[in-house]
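Enquirer: I'd like to ask you about the structure that follows.
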Amino acid sequence: METTIRQNIFENAKKWVYEAGKRIREQMQHEFQINTKSNVNDLVTEIDRSTEQFFANQIRTTYPSHYIISEEGFGDKINDMNGTIWIIDPIDGTMNFVHQKRNFAISIGIYHNGVGEIALIYNVIDDVLYTAIKGEGAYRNRDRLPQLKQDVQLETSILAMNSLFACENRRVNEKKIQQLIIDCRGTRSYGSAALEFAYVAEGIIDAYVTLRLSPWDFGAGLILVREVGGETIQLDGKPVNFLQNNTILTCNPAIRQRILTDYIEWK
Ligand code: IPD
Ligand code: CA
Ligand code: CA
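Just so we're aligned, residue 1 is where the sequence shown starts under this note's numbering, counting upward by one.
And the structure:
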């Protein structure tokens with residue numbers, strides 16, 4: 001993608017993210033409708049939907065040739081990664097949004113012919129915006145994030161995980177996952193994949209590992225982590241696929257092989 005085009009898209013995306021964040025903060029002052037999707041714990045609110053619709057309207061008006069992959073139904077049916085594609089999660093961490101009124105984020109990753117060009121992850125309540133532009137590094141608000149340290153070891157690492165390892169333990173050897181939890185320094189579960197990617201990029205955790213994420217959960221995070229020298233792959237070591245759900249390991253590359261070789265065993 002040409003630099004000036006990329007910059008123009010970034011500026012608009014940033015403006016829309018701040019605007020959407022402001023709308024969310026206002027809307028959540030009032031009562032809002034909460035529904036469930038695939039199961040009783042899979043929540044969606046009218047604010048998830050209206051936020052995604054807001055982005056879809058802006059993108060379709062300003063960039064009619066661009067495509068959208070998104071969670072709440074305002075996106076396109078996409079069969080490949082050709083062209084410019086916005087991968088959007090209007091609220092990542094809806095359970096936190098509903099129960100805690102914090103710890104959720106807007107997540108937008110913009111890809112051109114399959115290459116990650118722009119990432120924005122906005123912690124709406126803390127007013128912290130993580131951004132990345134291809135080849136220009138990653139930022140937390142105005143502060144550039146340093147490249148990830150190379151001398152990190154698993155024994156002194158903090159890992160983020162979600163409960164899928166307990167819920168879907170028929171797929172992986174849970175004894176090995178238990179050992180991973182024992183061997184690392186500590187584990188965390190923040191409830192927003194996008195924020196967990198941002199924390200890996202920030203270097204405040206060293207890996208985030210999970211059995212299932214959708215493209216909108218990791219589309220932005222992958223770019224952010226890449227820009228500080230981190231890596232995002234599937235748990236079988238293959239590259240991620242943006243057109244389906246994936247197992248995910250995003251991490252400091254210093255501990256990638258150790259996690260995959262010593263702790264991930266498929267049943
Ligand atoms: C969820 C969050 C959560 C992760 C789930 C995602 P949503 O996204 O990122 O942390 O564990 O797998 O589905 O539904 O709140 O957008
Ligand atoms: Ca999500
Ligand atoms: Ca969501």
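The beta carbon of each residue, even a glycine, is placed where N, CA and C say it ideally should be.
Runs of 3 residues minimum, wholly inside the stretch 83–142: which ones carry the beta strand (DSSP E) assignment?
Expert: DSSP runs (the beta strand (DSSP E)) wholly in the stretch 83–142: 84–92, 105–112, 115–123, 128–133, 138–140.
Enquirer: By how many angstroms is the C-alpha of Ile118 removed from the C-alpha of Phe197?
Expert: Each residue's alpha carbon lies about 15 Å from the other.
Enquirer: Answer yes or no: the CB of Arg102 versus the heavy atoms of ligand 1, is any distance below 7 Å?
Expert: Every heavy atom of ligand 1 is 7 Å or more from the Cβ of Arg102, so no.
Enquirer: Please report the residue range of the alpha helix (DSSP H) in which Glu227 lies.
Expert: From DSSP, the alpha helix (DSSP H) with Glu227 extends over 215–227.
Enquirer: In whole angstroms, what separates the C-alpha of Lys239 from that of His30?
Expert: First, the amino acid is wrong: residue 239 is Pro here, not Lys. Taking the straight line from one Cα to the other gives about 42 Å.
Enquirer: Would you kindly report the start and end of the unbroken beta strand (DSSP E) that includes Asn35?
Expert: Looking at the DSSP string, the run of the beta strand (DSSP E) that includes Asn35 is 34–36.
Enquirer: Cβ of Asn92 versus every heavy atom of ligand 2: is any distance shorter than 7 Å?
Expert: The amino acid occupying residue 92 in the given sequence is Asp; Asn does not appear at that position. Yes, ligand 2 has a heavy atom inside 7 Å of this Cβ.
Enquirer: In terms of alpha-carbon separation, which member of Ile223, Asn103, Phe32 lies closest to Met95?
Expert: Nearest of Ile223, Asn103, Phe32 to Met95, Cα basis: Asn103.
Enquirer: Hey, would you say Met28 sits closer than 8 Å to Ile9, going by beta carbons?
Expert: No; because the gap between Cβ atoms is not below 8 Å, this pair is not in contact.
Enquirer: Within the continuous beta strand (DSSP E) that includes Glu231, where are the two ends?
Expert: Looking at the DSSP string, the run of the beta strand (DSSP E) that includes Glu231 is 231–233.
Enquirer: Decide if Leu180 is buried, meaning its Cβ has at least 16 other Cβ atoms within 10 Å, or exposed.
Expert: Leu180 should be labelled buried.
Enquirer: Where does Val240 fall in DSSP's three states?
Expert: Reduced to three states, the DSSP call for Val240 is coil.
Enquirer: Quick check: Ile248 and Thr210, are their CB atoms within less than 8 Å of each other?
Expert: Result yes, Cβ atoms of Ile248 and Thr210 sit closer than 8 Å.
Enquirer: Taking 7 Å as the cut-off, is the C-beta of Ser192 nearer than that to any heavy atom in ligand 1?
Expert: Yes, the beta carbon of Ser192 sits closer than 7 Å to at least one heavy atom of ligand 1.
Enquirer: Bridge partners of Ala160, per DSSP?
Expert: According to DSSP, which records beta bridges pairwise, Ala160 is partnered with Arg188, Tyr208.
Enquirer: Gly116: which of Asn123, Lys134, Ser107 sits nearest, CA to CA?
Expert: Closest by alpha carbon: Lys134.
Enquirer: So the beta strand (DSSP E) Ser70 belongs to, where does it begin and stop?
Expert: Per DSSP, Ser70 belongs to the beta strand (DSSP E) from 67–70.
Enquirer: With DSSP as the reference, label Val44 as helix, strand or coil.
Expert: Reduced to three states, the DSSP call for Val44 is strand.
Enquirer: Measuring straight from C-alpha to C-alpha, what distance separates Gly244 and Gly114?
Expert: The identity of residue 244 in the sequence shown is Gln, whereas the question assumes Gly. Rounded to whole angstroms, Gln244 to Gly114 spans 14 Å at the Cα level.
Enquirer: Taking 7 Å as the cut-off, is the beta-carbon of Asp217 closer than that to any non-hydrogen atom of ligand 2?
Expert: Checking the Cβ of Asp217 against ligand 2 gives yes.
Enquirer: Between Leu164 and the rest of its own chain, which residues show a CB-CB distance below 8 Å, the 5 nearest in sequence each way excluded?
Expert: Counting only Cβ-Cβ distances below 8 Å, and skipping sequence neighbours, we find Thr210, Leu211, Arg212.
Enquirer: Quick check: does the Cβ of Asp48 come within less than 7 Å of any heavy atom belonging to ligand 2?
Expert: It does not: the Cβ of Asp48 is nowhere closer than 7 Å to a heavy atom of ligand 2.
Enquirer: For a cutoff of 8 Å on Cβ pairs, would you count Gly229 as touching chain C?
Expert: Within the model displayed, chain C is absent; a lone protein chain is all it includes.
Enquirer: Whether or not the stretch 147–155 and the stretch 35–53 are in contact is what I'm after, with contact meaning three or more pairs of Cβ atoms, one per stretch, closer than 8 Å; do they touch?
Expert: Touching, no, given that fewer than three Cβ pairs across the two stretches are closer than 8 Å.
Enquirer: Can you tell which of Thr61, Asp42, Glu11 has its C-alpha closest to the C-alpha of Glu71?
Expert: Answer by Cα proximity: Asp42.
Enquirer: In the DSSP assignment, find the unbroken alpha helix (DSSP H) run with Asn8 in it and report its ends.
Expert: Asn8 -> alpha helix (DSSP H) spans 3–27.
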